[in-house]
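> Quick one: structure below, then a few questions.
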Amino acid sequence: MPNITIINGPNLNLLGKREPGVYGNESFDDFLVQLKQQFTQVNFTYFQSNVEGELVDAIQKYGFDQDGIIINPAAYTHTSVAIGDAIAAIKVPVIEVHISNVHAREDFRKISHVSAKAVGSIVGLGLKGYALATEWLVSNTK
Ligand code: DQA
5 MPNITIINGP NLNLLGKREP GVYGNESFDD FLVQLKQQFT QVNFTYFQSN
55 VEGELVDAIQ KYGFDQDGII INPAAYTHTS VAIGDAIAAI KVPVIEVHIS
105 NVHAREDFRK ISHVSAKAVG SIVGLGLKGY ALATEWLVSN TK
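Heads up: the sequence shown at position 72 corresponds to 76 in the numbering used here, and the numbers run straight through without jumps.
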């Protein structure tokens with residue numbers, strides 16, 4: 005059974021309420037129920053924090069014994085050298101996901117400290133990006 009950890013960064017606990025025109029109407033908790041139903045063969049762990057260091061701790065904690073990590077570091081994507089370094093430090097393959105198309109928004113969102121350290125990135129496909137990342141990890145890891 006593949007073990008996949010999803011790590012979400014700041015303000016993603018407000019999905020469904022937060023800027024629905026950009027991020028949609030669905031909460032992550034509701035989406036996670038569906039994701040688990042879609043991938044019954046996957047053992048998901050979910051972690052969300054609004055605190056940069058807690059995200060670094062989670063990357064370190066899950067980065068050596070999972071089959072994959074799906075991370076959306078939210079705003080820290082664009083600012084956090086520490087999160088980029090943590091991803092470079094671990095062994096587990098990481099996929100970066102962004103719900104919105106960060107390349108079609110403000111210029112500061114075009115910078116990612118994560119993309120170069122990740123196996124790949126999925127942006128702009130809504131919450132479905134997490135499902136696509138899961139699919140890739142299921143078929144490309146042990
Ligand atoms: C986001 C994009 C980021 O620029 C933003 O700060 C977020 C969410 C996304 O999923 O589209 O909080 O990571």
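Where is the CB? At the ideal position from N, CA and C, for every residue including glycine.
Is residue 124 near residue 87, with beta carbons less than 8 Å apart?
Here the question's residue 124 lines up with position 120 in the sequence shown. Here the question's residue 87 lines up with position 83 in the sequence shown. Against a cut-off of 8 Å, the Cβ pair of residue 87 and residue 124 comes out as no contact.
> Determine the closest residue to residue 83 out of 67, 140, 117, with distance taken between C-alpha atoms.
Here residue 83 corresponds to residue number 79 of the sequence shown, with the count starting at 1. Among 67, 140, 117, the Cα nearest to that of residue 83 is on 117.
> From 12, 44, 26, pick the residue whose C-alpha is nearest to that of residue 110; which is it?
Position 106 of the sequence shown, counted from the start, is the residue given in the question as residue 110. The shortest C-alpha separation from residue 110 is found at 26.
> Which same chain residues end up closer than 6 Å to residue 67 when comparing Cβ atoms and leaving out the 5 residues on each side of it in sequence?
Counted from its first residue, the sequence shown places residue 67 at position 63. Answer for residue 67: 94, 96, listed in chain order.
> If we count Cβ pairs, one from each stretch, closer than 8 Å, do we get three or more for the stretch 33-48 versus the stretch 123-143?
yes
> By DSSP's criteria, residue 8 is part of a beta bridge. Which residues make up the other side?
Here the question's residue 8 lines up with position 4 in the sequence shown. Answer is 48, 72, bridged to residue 8.
> List the endpoints of the continuous beta strand (DSSP E) containing residue 126.
Walking along the sequence shown from the start, residue 126 turns up at place 122. Residue 126 -> beta strand (DSSP E) spans 124-127.
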